[in-house]
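S.K.: Residues in the sequence shown are numbered from -3 upward in steps of one, following my numbering.
Backbone N, C-alpha and C define an ideal beta-carbon position, used for all residues, glycine too.
Source: prediction; values computed, not measured.
Dumping the structure here so I can ask a few things about it.
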Amino acid sequence: MALLTFKGAIRQVTGSCYLLEANGCRVLLECGMTQGYRRDEAQNRNHFDFMPEDLDAVVISHAHLDHSGLLPKLVAEGYTGPIYMTPGTAALLELMLSDAASLQERDSDWENKWRKRAGKPLVEPLYTQADTDAALALRKPSDYGQETIVAEGISVIFHEAGHILGSAIVEIILHEAHDLTRKLVFSGDLGNSCSPFLRPPAYREEADLLLLESTYGDRDHRNLDETLAEFQEILDAAWASGGNVLIPSFAVGRTQDLLYYLGQFYQAGTLKQQAVFLDSPMAIAATEIYDRFHQDFKPSEKSLIEGQHKGDLKHWLPILKCTPTTEESIAINRIAGGAIIIAGSGMCNGGRIVHHFKHNLWRDDCHVILPGFQAKGTLGRRLVDGEKNIRVVHQSLAVKAHLHTLGGFSAHAGQSQLIEWLGHFKRSPEIYLIHGELEKSQTLAQAIKDQLGWNATIPELNEQIAF
Ligand code: ZN
């Protein structure tokens, strides 16, 4: 018998964490950070309610921080064992966790400035670069399709999830007495098949227990052709109105997809803008990692990019300008129109995009494209919800820019795609819906019942199940 405890991303979309106990071993599946409201993010400071040193192995589905962001803290609190992931995730993780560590250190330095003046006790960063380096040293890459023993009687196989580079569906096989096995499949984040680089999520046919993400459990995205047509229309409208286009984008995945499609418009002669700025050191570094992992790409795109353009985005989209330094970023402020500016953070909670907001959001010729999920509590969500006045970098701004959400670029599967993927199981596994806001998971559970006749449960936080 095995026990699974739901430790995070329950009735919300961040903080993925599941504890598996079987054969006398303990395996932690995901070690994600909670993101969104400040009070929610404060949870990241809580001690783990299990002993990190008692874990035998950790398994990570992909590099996004809501799945991996607390690994340095886990190591700082005593974990010294292996951390399994795909090679693509291992490469991206170095970038993501180092960036997170420098952000944590900067935040605490900032807070300690006023705390010192106010005579208040100083705060420690959530973790440091040294903690991150210690966590990165524990990475154990395992290729897609390869069965790896992670603890006694417990093995793991990663399958392509089509979400970001290196993302995986995690199949965990429990070997029991008399050659019996039990299988847990964790969907990870399932892709939306819109990526020009990644293959769609691999189908699975068997599982005793399935943890299924439900981020977009209540809706379908527009299809890719419609999304690209809409993207082109917005760019044309922005060109006609004379302003800039701002695209707050996740540095890993979404940005590379957008650059690819902007290159497609450029090659077709339909892109009117004169310059595309990639204004994010992290996205620039992630784009270089994507270039290194060409072997993971779909065959058609591999030959297109490698053949005609020698794997070089500069040939595919020659008007791309990468601006890693602060000075180069500030220089963009002088451009009043005709540019496309891609910057983080994806949910507008910080990063360079807020500086571009300061210079553009109050202008009615500016167009903002939100291509990703905007969690409750983030500035991006408030913009989507239609707030007309916001505060960024100590300034009050009237929102006069045109706002567009482009859901079709989501890196997550929509409802029909989730159900289509689920329908490939030969018989119903015991299904638990995770990684979704409650009402979205409920809608998905109903759709699964209606279309497949299968029951899906939405677990409670810290609920423990035996299987
Ligand atoms: Zn993700």
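Less than 9 Å between the C-beta atoms of I169 and S151, yes or no?
M.R.: Taking the sequence shown and counting its residues from 1, one reaches residue 169 at position 173. Taking the sequence shown and counting its residues from 1, one reaches residue 151 at position 155. Cβ distance < 9 Å, so I169 and S151 count as in contact.
S.K.: Scan the stretch 116 to 195 and note each continuous beta strand (DSSP E) run of 3 residues or more that stays entirely inside, going in chain order.
M.R.: Whole beta strand (DSSP E) segments, 3+ residues: 135 to 137, 143 to 147, 150 to 156, 164 to 171 and 177 to 182.
S.K.: Could you tell me which residues DSSP pairs with S392 in its beta bridges?
M.R.: Walking along the sequence shown from the start, residue 392 turns up at place 396. R387.
S.K.: How is H355 classed by DSSP in three states: helix, strand or coil?
M.R.: For this step, residue 355 is matched to residue 359 along the sequence shown. If DSSP states are grouped into helix, strand and coil, H355 belongs with the helices.
S.K.: Can you give me the Cβ contacts of L25 inside the same chain, cut-off strictly under 7 Å, excluding the 5 residues immediately before and after it?
M.R.: Taking the sequence shown and counting its residues from 1, the one referred to as residue 25 is at position 29. Once the five neighbours on either side are set aside, the close Cβ partners of L25 are Y14, L16, V55, V166 and F182.
S.K.: Look up A335 in the DSSP assignment and give the residues it is bridged to.
M.R.: For the purposes of this step, residue 335 is identified with residue 339 of the sequence shown, where counting begins at 1. Paired residues: A271.
S.K.: Taking only heavy atoms of ligand 1 into account, decide whether any of them is closer than 8 Å to the Cβ of I285.
M.R.: Along the sequence shown, one-based indexing puts residue 285 at 289. Answer for I285: no, Cβ out of range of ligand 1.
S.K.: How about the stretch 157 to 164 and the stretch 96 to 110: do they share at least three Cβ pairs that are nearer than 8 Å?
M.R.: The answer is no - the stretch 96 to 110 does not touch the stretch 157 to 164, with fewer than three Cβ pairs under 8 Å.
S.K.: With a Cβ-Cβ cutoff of 9 Å, do H363 and V241 count as a contact?
M.R.: Sequence index remark: in the sequence shown, residue 363 carries index 367 (1-based). Sequence index remark: in the sequence shown, residue 241 carries index 245 (1-based). Cβ atoms of H363 and V241: closer than 9 Å.
S.K.: Consult DSSP for M92 and reduce its assignment to one of helix, strand or coil.
M.R.: The residue labelled residue 92 in the question sits at position 96 within the sequence shown. Helix, per DSSP.
S.K.: For A409, is the beta carbon positioned less than 8 Å from some heavy atom of ligand 1?
M.R.: In the sequence shown, the residue the question calls residue 409 occupies position 413. For ligand 1, not one heavy atom lies less than 8 Å from the Cβ of A409.
S.K.: Mind checking whether the beta-carbon of S183 lies closer than 8 Å to any heavy atom of ligand 1?
M.R.: Indexing the sequence shown from 1 puts residue 183 at position 187. For ligand 1, not one heavy atom lies less than 8 Å from the Cβ of S183.
S.K.: Taking the alpha-carbon of E37 as reference, which of A53, V23 and Q8 has the nearest alpha-carbon?
M.R.: Reading the sequence shown from its first residue, position 41 is the one you call residue 37. Closest option to E37, Cα to Cα, is Q8.
S.K.: Comparing C-alpha positions only, which one of Q442, L366 and G334 sits nearest to S341?
M.R.: Position 345 of the sequence shown, counted from the first residue, corresponds to residue 341. Checked all of Q442, L366 and G334; the closest Cα to S341 is L366.
S.K.: Just the Cα atoms here: how many angstroms apart are I386 and T374?
M.R.: The residue labelled residue 386 in the question sits at position 390 within the sequence shown. The residue labelled residue 374 in the question sits at position 378 within the sequence shown. If I take the Cα positions, the gap works out to 12 Å.
S.K.: With respect to 8 Å, is the separation between the Cβ of H171 and the closest non-hydrogen atom of ligand 1 below this value?
M.R.: Numbered from 1 along the sequence shown, position 175 holds the residue referred to as residue 171. No - ligand 1 has no heavy atom lying nearer than 8 Å to the Cβ of H171.
S.K.: Taking 8 Å as the line, does the beta carbon of I56 fall inside it for any heavy atom of ligand 3?
M.R.: The model on display carries ligand 1 but not ligand 3.
S.K.: Starting from T479, follow its DSSP beta bridges and name the residues at the other end.
M.R.: A query on residue 479 cannot be resolved here, the shown segment of the chain reaching from -3 to 463 and no further.
S.K.: Identify every residue that forms a DSSP beta bridge with Q460.
M.R.: Locating residue 460 in the sequence shown gives position 464, where the first residue counts as 1. T1.
S.K.: Between T251 and A282, is the Cβ-Cβ spacing less than 9 Å?
M.R.: For the purposes of this step, residue 251 is taken as residue 255 along the sequence shown, with counting starting at 1. For the purposes of this step, residue 282 is taken as residue 286 along the sequence shown, with counting starting at 1. Contact: yes.
S.K.: On the DSSP bridge assignment, give the partners of L254 in chain order.
M.R.: In the sequence shown, counting from the first residue as 1, residue 254 sits at position 258. Looking at the DSSP assignment, L254 forms no beta bridge with any residue, so it has no partner.
S.K.: Give the DSSP-derived three-state secondary structure of M81 in the structure shown.
M.R.: Here residue 81 refers to the residue found at position 85 when the sequence shown is read from its first residue. It is a strand residue.
S.K.: Would you check if there are 3 or more beta carbon pairs closer than 8 Å linking the stretch 56 to 74 to the stretch 195 to 212?
M.R.: No, because fewer than three Cβ pairs between the stretch 56 to 74 and the stretch 195 to 212 fall closer than 8 Å, the two stretches do not touch.
S.K.: Give the list of continuous alpha helix (DSSP H) stretches no shorter than 4 residues that lie fully inside the stretch 28 to 72.
M.R.: Those alpha helix (DSSP H) runs which fall completely within the stretch 28 to 72 and span 4+ residues are 34 to 37, 61 to 64 and 67 to 72.
S.K.: Is A247 buried or exposed, if buried means 16 or more other CB atoms sit within 10 Å of its CB?
M.R.: Numbered from 1 along the sequence shown, position 251 holds the residue referred to as residue 247. Looking at its Cβ environment, which holds 16 or more other Cβ atoms inside 10 Å, A247 is buried.
S.K.: Would DSSP call L402 helix, strand or coil?
M.R.: Along the sequence shown, one-based indexing puts residue 402 at 406. Three-state DSSP puts L402 in coil, outside helix and strand.
S.K.: What is the DSSP secondary structure of E323, reduced to helix, strand or coil?
M.R.: Here residue 323 corresponds to residue number 327 of the sequence shown, with the count starting at 1. The answer is helix: DSSP assigns E323 an H, G or I state.
S.K.: Just curious, the alpha helix (DSSP H) that P277 is in, first and last residue?
M.R.: Here residue 277 refers to the residue found at position 281 when the sequence shown is read from its first residue. P277 -> alpha helix (DSSP H) spans P277 to R288.
S.K.: What residue does the beta strand (DSSP E) around H363 start on, and which one ends it?
M.R.: The residue labelled residue 363 in the question sits at position 367 within the sequence shown. Element bounds for H363: H363 to L366.
S.K.: Near L254, which residues of its chain fall below 8 Å by C-beta distance, leaving aside the five closest residues on each side in sequence?
M.R.: In the sequence shown, counting from the first residue as 1, residue 254 sits at position 258. Excluding sequence neighbours, L254 sits near I243, S245, I338, P367 and F405.
S.K.: Could you check the C-alpha separation between G303 and I328 for me, to the nearest Å?
M.R.: In the sequence shown, counting from the first residue as 1, residue 303 sits at position 307. In the sequence shown, counting from the first residue as 1, residue 328 sits at position 332. Note that G303 scores 48 on pLDDT, short of 50, meaning its location in the model is unreliable; the coordinates nonetheless yield the value given after this. Cα-Cα distance, rounded: 33 Å.
S.K.: Just curious, the alpha helix (DSSP H) that E418 is in, first and last residue?
M.R.: For this step, residue 418 is matched to residue 422 along the sequence shown. In the sequence as displayed, the identity of residue 418 is Leu instead of Glu. Residues Q411 to L418.
S.K.: Note the first and the last residue of the continuous alpha helix (DSSP H) segment covering A464.
M.R.: A query on residue 464 cannot be resolved here, the shown segment of the chain reaching from -3 to 463 and no further.
S.K.: Where do the N-terminal and C-terminal ends of the beta strand (DSSP E) with L205 fall, by residue?
M.R.: For the purposes of this step, residue 205 is taken as residue 209 along the sequence shown, with counting starting at 1. Note, L205: beta strand (DSSP E), L205 to E209.
S.K.: For A443, does the three-state DSSP call read helix, strand or coil?
M.R.: Numbered from 1 along the sequence shown, position 447 holds the residue referred to as residue 443. Three-state DSSP puts A443 in a helix.
S.K.: With 16 as the cutoff for other CB atoms within 10 Å, does L93 come out buried or exposed?
M.R.: Working through the sequence shown from its first residue, we reach residue 93 at position 97. The residue in question, L93, is buried, as its Cβ has 16 or more Cβ neighbours within 10 Å.
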